[in-house]
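Under the working numbering, read the sequence shown as residues 23 to 453, first letter to last.
A short worksheet on the structure shown next.
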Amino acid sequence: MKLSIVGSGYVGLVTGACFAEVGHSVICVDNDQSKVKQLQAGQIPIYEPGLEELIKKNVAAGRLTFTASIAEGVQNSEVVFIAVPTPPREDGSVDLSFIEKVAREVAAVLTEYRVIVDKSTVPVKTGDKVAQTIARYNKKKVEFDVVSNPEFLREGSAVADLMKPDRIVIGADSEKAVKTMRAIYEPFKAKILVTDLNSAELIKHAANSFLALKISYINALSAICEASGANVEMVADGMGADHRIGRAFLNAGIGYGGSCFPKDISAFIKISEELGYDFKLLKEVEHINAHQRERFLKKIRETLWVFKDKQIGLLGLAFKGNTDDVRSSVAIELAQQMLKEGAKIKAYDPKAMDKAAPLFKSKGFTMCASAEEVAEGADAIILATEWVDFKTIDWGSMASKMISPILFDGRNLLNPDKMSKFGYQYFSIGR
Ligand SMILES: NC(=O)c1ccc[n+]([C@@H]2O[C@H](COP(=O)([O-])OP(=O)(O)OC[C@H]3O[C@@H](n4cnc5c(N)ncnc54)[C@H](O)[C@@H]3O)[C@@H](O)[C@H]2O)c1
């Protein structure tokens with residue numbers, strides 16, 4: 023089928039590449055001219071495992087092209103996906119101006135029937151607004167359908183998640199549109215759940231909020247484990263073995279960050295409020311998340327006494343492992359707080375240093391070429407991102423480079439006994 027995707031970021035670009043991989047003909051549209059030029063020149067603006075190969079292969083096969091013209095995308099495809107940002111406003115509500123703008127732009131160039139699919143994460147009832155906007159701004163009064171098709175991919179494993187999804191949610195009020203959507207997803211051989219438009223939109227916020235709730239639940243338990251001498255990993259294993267609970271998302275740490283959870287949870291609180299429900303449970307999820315970071319900083323402060331003039335080695339800048347995305351990264355927020363308190367930071371991340379660099383203007387912050395360089399002369403090391411690469415570092419040699427081997431593992435990535443054997447004063451979360 024002929025498809026276009028408006029917005030070529032983490033969601034749009036990976037979706038476009040995967041649709042092309044299963045045989046569709048895909049036009050990726052972006053209004054960032056430099057990004058389009060980069061893509062046309064064969065450069066991939068984001069890091070996502072397997073993405074570069076997939077894009078190159080499908081571009082060579084003639085199934086994947088890039089343009090800055092929305093008209094080119096809409097006119098040459100049967101279905102138009104929208105995958106533009108839905109960032110948070112100051113008050114936590116969703117800024118829908120990107121979606122609204124795309125709806126107007128699509129309307130302006132719509133000359134025959136199209137299915138317009140929203141893939142961005144949006145508040146319930148946004149589809150109705152998109153439909154109203156297109157109808158209002160389309161002079162030719164062309165027939166069209168609006169569908170909600172929320173995306174559940176995880177950065178760091180986006181290609182695999184898209185190629186083998188747990189389920190595909192299609193929210194539509196038109197049989198014709200559902201038929202088209204089923205045809206697009208048929209090659210993926212995945213479970214398809216067809217719902218009404220509002221339910222599909224709600225599923226995405228409900229799912230992300232529940233996952234964040236699991237993280238905050240285990241993080242709250244980690245505080246209880248620390249206070250009682252229990253081990254949070256053993257508790258999570260014991261709980262998670264119950265299939266009604268599941269072990270996933272029960273890893274204690276310094277809290278969730280990234281471009282989705284923080285904004286989606288605050289958005290869902292706001293959406294609920296507007297619908298007349300005070301979602302106190304989710305407010306507590308946010309509170310626990312912020313508190314977890316504070317507890318971690320407190321632990322570091324208590325050990326180092328003062329941050330001023332301390333040399334801190336920071337391992338990890340990305341919001342999680344396997345990605346270069348630094349949006350709302352807890353690692354970065356921790357670094358900024360320590361810099362504010364006078365610490366000097368030397369940081370290393372396998373993929374996220376280019377994206378993180380513009381966020382640090384302070385002289386006290388330097389990037390390092392390797393994890394070993396981070397350890398040189400450090401008063402302490404903080405492991406803030408769960409890159410598997412950090413597991414296999416020569417931690418013995420790292421210890422010998424430090425002033426005194428003190429290690430704060432914010433992701434419970436390392437083995438406490440092993441680290442003690444290397445001579446570290448080792449701190450982790452809830453164990
Ligand atoms: N990143 C994730 O892991 C993830 C997962 C599921 C859902 N989502 C949701 O998907 C949406 C997109 O997220 P993302 O992470 O891909 O964002 P992103 O910032 O990586 O990409 C968005 C792209 O849209 C482009 N854009 C903005 N306005 C445009 C316009 N008018 N016309 C054409 N292009 C335009 C931007 O230049 C950018 O390249 C958000 O609603 C997000 O919540 C994200």
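The beta-carbon is built from N, C-alpha and C at its ideal position, and this holds for glycine as well.
No experiment lies behind these values; they were computed from the predicted model shown.
Please report the distance separating the alpha-carbon of residue i from that of residue j.
i	j	result
Ile-68	Gly-31	8 Å
Phe-103	Asp-411	36 Å
Ala-105	Ser-450	38 Å
Val-454	Gln-358	Any answer about residue 454 is impossible in this case: the structure gives the chain only from 23 up to 453.
Glu-177	Arg-158	36 Å
Ser-56	Asp-264	49 Å
Gly-418	Arg-266	41 Å
Lys-147	Pro-109	17 Å
Ser-119	Asn-98	25 Å
Thr-87	Leu-35	11 Å
Asp-113	Ala-421	44 Å
Glu-122	Val-152	7 Å
Gly-193	Val-348	31 Å
Met-441	Leu-429	9 Å
Glu-255	Ile-240	9 Å
Lys-452	Phe-341	Note on residue identity: the sequence assigns Gly, not Lys, to residue 452. About 20 Å.
Trp-327	Ile-404	15 Å
Arg-393	Lys-373	First, the residue type needs correcting, since residue 393 is Ala and not Arg in the sequence shown. Roughly 13 Å between the two C-alpha positions.
Ala-391	Asp-371	9 Å
Glu-43	Leu-76	7 Å
Met-261	Asn-311	20 Å
Thr-143	Lys-226	7 Å
Val-131	Val-96	7 Å
Leu-224	His-46	28 Å
Phe-382	Glu-408	21 Å
Gly-149	Thr-155	10 Å
Asp-54	Ala-90	7 Å
Gly-399	Lys-366	11 Å
Tyr-278	Leu-361	21 Å
Ile-415	Leu-435	12 Å
Val-116	Ser-426	46 Å
Val-169	Ala-212	18 Å
Lys-377	Ala-397	22 Å
Residue range of the alpha helix (DSSP H) that residue i falls in?
i	result
Gln-447	Unbroken run through Gln-447 is the beta strand (DSSP E), 447-449; no alpha helix (DSSP H).
Phe-290	283-296
Ser-442	438-443
Ser-56	55-62
Leu-361	352-362
Phe-41	32-43
Leu-326	302-326
Any heavy atom of ligand 1 closer than 8 Å to the Cβ of residue i?
i	result
Lys-342	no
Asp-331	no
Ile-68	yes
Ile-276	no
Cys-390	no
Thr-108	yes
Lys-285	yes
Val-254	no
Ile-322	no
Asn-437	no
Ser-281	yes
Tyr-159	no
Glu-177	yes
Asp-54	yes
Ile-354	no
Phe-412	no
Tyr-239	no
Thr-148	no
Gly-445	no
Ser-351	no
Gln-31	Position check: residue 31 holds Gly in this sequence, whereas Gln was assumed. Checking every heavy atom of ligand 1 against the Cβ of Gly-31, one is found closer than 8 Å.
Gly-34	yes
Phe-232	no
Ile-291	no
Asp-347	yes
Where does the unbroken beta strand (DSSP E) through residue i begin, and where does it stop?
i	result
Ile-66	Where Ile-66 is concerned, there is no enclosing beta strand (DSSP E), given that its DSSP letter is neither H nor E.
Phe-412	First-last for Phe-412: undefined, no H or E at that position.
Val-28	24-28
Ile-49	47-51
Val-168	166-170
Ile-267	Here Ile-267 belongs to no beta strand (DSSP E), and DSSP marks it neither H nor E.
Ala-369	366-370
Leu-336	333-337
Inset, instruction - Jot down the residue ranges of each uninterrupted alpha helix (DSSP H) in the stretch 372-409, minimum 4 residues, whole runs only, in chain order. - result: 375-378, 393-397
Inset, instruction - Note down, one range per segment and in chain order, each alpha helix (DSSP H) of at least 4 residues found wholly within the stretch 174-231. - result: 180-185, 197-207
Inset, instruction - Quick one: which unbroken beta strand (DSSP E) runs of 3-plus residues sit fully inside the stretch 81-150? Chain order, please. - result: 86-89, 101-104, 136-140
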